[in-house]
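**Q**
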Amino acid sequence: MKNQLCIPSVGLGFWKIPNASTAELSVQAAKLGYRHFDCASDYGNEPEVGQGIEKILQDGLCRREELWVTSKLWNTFHRKEHVRLACERSLKDLRLDYLDLYLIHFPIALAYVPFEHRYPAGWYFDPESAPPKMIPDPVSIGETWEAMERLVEAGLVRNIGVSNFGVSLIRDLLSYARIRPGVLQVESHPYLTQTKLLRYCQQEQIAFTAFSPLGAPSYVSLGMAKASESVLEQPDVQKIAQQVGRTPAQVVLRWGIQRGTSVIPKTQTVQRLGENLRLHDFELTEQQMATIGQFDRGQRFNDPGAFCEQAFGCYYPIYE
Ligand SMILES: NC(=O)c1ccc[n+]([C@@H]2O[C@H](COP(=O)([O-])OP(=O)(O)OC[C@H]3O[C@@H](n4cnc5c(N)ncnc54)[C@H](OP(=O)(O)O)[C@@H]3O)[C@@H](O)[C@H]2O)c1
Numbered sequence: 112m113k114n115q116l117c118i119p120s121v122g123l124g125f126w127k128i129p130n131a132s133t134a135e136l137s138v139q140a141a142k143l144g145y146r147h148f149d150c151a152s153d154y155g156n157e158p159e160v161g162q163g164i165e166k167i168l169q170d171g172l173c174r175r176e177e178l179w180v181t182s183k184l185w186n187t188f189h190r191k192e193h194v195r196l197a198c199e200r201s202l203k204d205l206r207l208d209y210l211d212l213y214l215i216h217f218p219i220a221l222a223y224v225p226f227e228h229r230y231p232a233g234w235y236f237d238p239e240s241a242p243p244k245m246i247p248d249p250v251s252i253g254e255t256w257e258a259m260e261r262l263v264e265a266g267l268v269r270n271i272g273v274s275n276f277g278v279s280l281i282r283d284l285l286s287y288a289r290i291r292p293g294v295l296q297v298e299s300h301p302y303l304t305q306t307k308l309l310r311y312c313q314q315e316q317i318a319f320t321a322f323s324p325l326g327a328p329s330y331v332s333l334g335m336a337k338a339s340e341s342v343l344e345q346p347d348v349q350k351i352a353q354q355v356g357r358t359p360a361q362v363v364l365r366w367g368i369q370r371g372t373s374v375i376p377k378t379q380t381v382q383r384l385g386e387n388l389r390l391h392d393f394e395l396t397e398q399q400m401a402t403i404g405q406f407d408r409g410q411r412f413n414d415p416g417a418f419c420e421q422a423f424g425c426y427y428p429i430y431e
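Written out as structure tokens, the structure reads:
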């Protein structure tokens with residue numbers, strides 16, 4: 112990152128990890144060498160990640176300063192008076208006194224939902240209303256960013272950044288930011304290489320983290336992708352996996368780090384924790400990198416412009 116800090120290139124993503132296994136999985140991950148946890152209030156499991164982190168530190172598996180913990184500001188907390196409340200809640204749940212990184216989760220501001228009504232609030236304003244609706248709130252990114260900057264000044268977070276932003280929004284943000292975004296986190300995998308966005312971030316020295324780095328598998332259980340669509344099933348990926356003596360998942364994740372992004376694969380399968388982390392003792396050739404890059408077809412699985420309308424009755428495109 113521009114400020115000379117280093118974000119570990121492989122992290123564990125916590126979206127959809129069941130609450131009951133989250134604490135133990137965090138500890139197992141730390142034992143295997145994970146030093147980067149990608150969390151968010153929206154994932155609904157920060158209290159359990161916090162239990163895991165407490166045990167990791169108590170057992171001396173690593174020191175706090177060796178651990179990189181990211182959390183994300185949810186859409187219902189974009190107003191300046193709510194940003195610090197949301198951050199403090201994540202800190203309390205994670206049992207930390209600072210975050211390494213706090214991201215604006217989406218460039219989508221929704222009507223405020225107080226903690227006592229529902230937490231995490233999710234996308235609906237009121238799930239009991241008929242029909243339940245997502246209610247956008249006209250808050251500028253500038254207002255939210257200024258409140259994010261105050262979190263750094265207050266020592267609650269070390270770095271701030273953005274997620275699901277494109278070049279135009281970042282360019283605008285950089286025109287007024289007193290504290291620059293250190294990280295952009297976006298969906299990226301061989302079907303969505305985001306080559307121009309990555310190049311722009313490299314030019315601006317904004318670290319790039321790829322979410323859903325394995326592509327389709329995360330979206331199969333949500334009915335948003337078919338298992339057969341997985342890049343891990345592509346014969347060319349399987350052939351490269353055979354050539355390097357690794358699994359298809361390791362090949363795809365290695366491609367991610369070798370092109371200069373960090374990756375945050377999620378797994379709740381203990382055997383896969385080690386598999387997804389062991390990426391630094393082999394390399395892909397230029398030819399193998401190019402072969403995987405050729406799968407790009409601009410396919411986005413996580414698109415509010417599609418799922419908000421289907422699931423929450425609100426057409427809300429952000430990338431167009
Ligand atoms: N900023 C954002 O808006 C945003 C959006 C989405 C995700 N994220 C972050 O990015 C993280 C990762 O993204 P993701 O969870 O969507 O997708 P992902 O990590 O690309 O894929 C997870 C899926 O792949 C499977 N898997 C994991 N390792 C595997 C392996 N070695 N071989 C075969 N299958 C494997 C998992 O199954 P098992 O669990 O059963 O092993 C799960 O179904 C999230 O957890 C979250 O932290 C951020």
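Take 112 as the starting number for the sequence shown in the numbering used here and just add one per residue.
Using N, Cα and C, we set each Cβ at its ideal position, and we do this for glycine too.
1. In angstroms, rounded to a whole number, what distance separates the CA positions of lysine 350 and glutamate 397?
2. Measure from the alpha carbon of threonine 378 to the alpha carbon of each residue in His189, Pro346 and Gln139, then state which is nearest.
3. Can you tell me whether glycine 124 is buried or exposed, with buried defined as 16 or more other CB within 10 angstroms of its CB?
4. For threonine 255, report the span of its alpha helix (DSSP H) as first-last.
5. Check whether the region 242-250 touches the region 162-181, counting contact only when three or more Cβ pairs, one atom from each stretch, lie closer than 8 Å.
6. Can glutamine 410 be considered in contact with ligand 1, in the sense that its beta carbon sits closer than 7 Å to one or more heavy atoms?
7. Rounded to the nearest angstrom, what separates glutamate 227 and histidine 300 at their Cα positions?
8. Tell me, which residues are paired with phenylalanine 236 by DSSP?
9. By DSSP, does valine 374 sit in helix, in strand, or in coil?
10. Helix, strand or coil for tyrosine 311 per DSSP?
11. So, with DSSP's three-state summary, where would you put tyrosine 287?
12. Quick check on the burial criterion: 16 or more other C-beta atoms within 10 angstroms. Buried or exposed for glutamate 176?
13. Closer than 8 Å by C-beta to serine 274: which residues in its own chain qualify, once you throw out the five before and the five after it? Chain order, please.
14. Helix, strand or coil for leucine 388? Go by DSSP, reduced to three states.
15. Comparing the CB of alanine 131 with every heavy atom of ligand 1, is any distance shorter than 7 Å?
16. Within 8 Å, do at least three Cβ pairs link the region 189-201 to the region 163-175?
17. Does the beta-carbon of tryptophan 126, which I'm using as the reference point, lie nearer than 7 Å to any heavy atom of ligand 1?
18. When the Cβ atoms of the region 366-373 are set against those of the region 124-136, are three or more pairs found closer than 8 Å?
**A** According to the structure data:
1. Locating residue 350 in the sequence shown gives position 239, where the first residue counts as 1. Locating residue 397 in the sequence shown gives position 286, where the first residue counts as 1. Answer to the nearest angstrom: the Cα atoms are 15 Å apart.
2. Residue 378 sits at position 267 when you count from the first residue of the sequence shown. Ranking the options by Cα distance to threonine 378, first place goes to Gln139.
3. Here the question's residue 124 lines up with position 13 in the sequence shown. Classification of glycine 124: buried, given that the 10 Å Cβ count is 16 or more.
4. Residue numbering aside, residue 255 sits at position 144 when the sequence shown is read from its first letter. It spans 252-264 - the alpha helix (DSSP H) in which threonine 255 sits, taken as one unbroken run.
5. By the Cβ criterion, the region 242-250 is not in contact with the region 162-181, since fewer than three pairs of Cβ atoms, one from each stretch, lie closer than 8 Å.
6. Within the sequence shown, the letter at position 299 stands for residue 410. Not so, every heavy atom of ligand 1 lies at least 7 Å from the Cβ.
7. Here residue 227 is taken as the residue at index 116 of the sequence shown, counted from 1. Here residue 300 is taken as the residue at index 189 of the sequence shown, counted from 1. Those two C-alpha atoms are separated by around 38 Å.
8. Position 125 of the sequence shown, counting from 1, holds the residue named residue 236. Note: phenylalanine 236 sits in no beta bridge, so no partner.
9. In the sequence shown, counting from the first residue as 1, residue 374 sits at position 263. Valine 374 carries a strand assignment under DSSP once its states are collapsed to helix, strand and coil.
10. Counted from its first residue, the sequence shown places residue 311 at position 200. Here tyrosine 311 sits in helix by DSSP.
11. In the sequence shown, the residue the question calls residue 287 occupies position 176. In this structure, tyrosine 287 counts as helix in the three-state DSSP scheme.
12. Locating residue 176 in the sequence shown gives position 65, where the first residue counts as 1. Taking all protein chains in view, the Cβ of glutamate 176 is surrounded by fewer than 16 other Cβ atoms within 10 Å, so the residue is classified as exposed.
13. Locating residue 274 in the sequence shown gives position 163, where the first residue counts as 1. Hits under 8 Å: Lys183, Leu214, Ile215, His216, Phe217, Leu295, Gln296, Val297 and Phe322.
14. Looking up residue 388 in the sequence shown gives position 277. When secondary structure is reduced to three states using DSSP, leucine 388 falls in the helix class.
15. What you label residue 131 is simply residue 20 of the sequence shown in a count that begins at 1. Not so, every heavy atom of ligand 1 lies at least 7 Å from the Cβ.
16. Taking a cut-off of 8 Å on C-beta distances, the region 163-175 does not touch the region 189-201, as fewer than three cross pairs fall below it.
17. Position 15 of the sequence shown, counting from 1, holds the residue named residue 126. The answer is yes for tryptophan 126.
18. Result no; under three Cβ-Cβ pairs closer than 8 Å.
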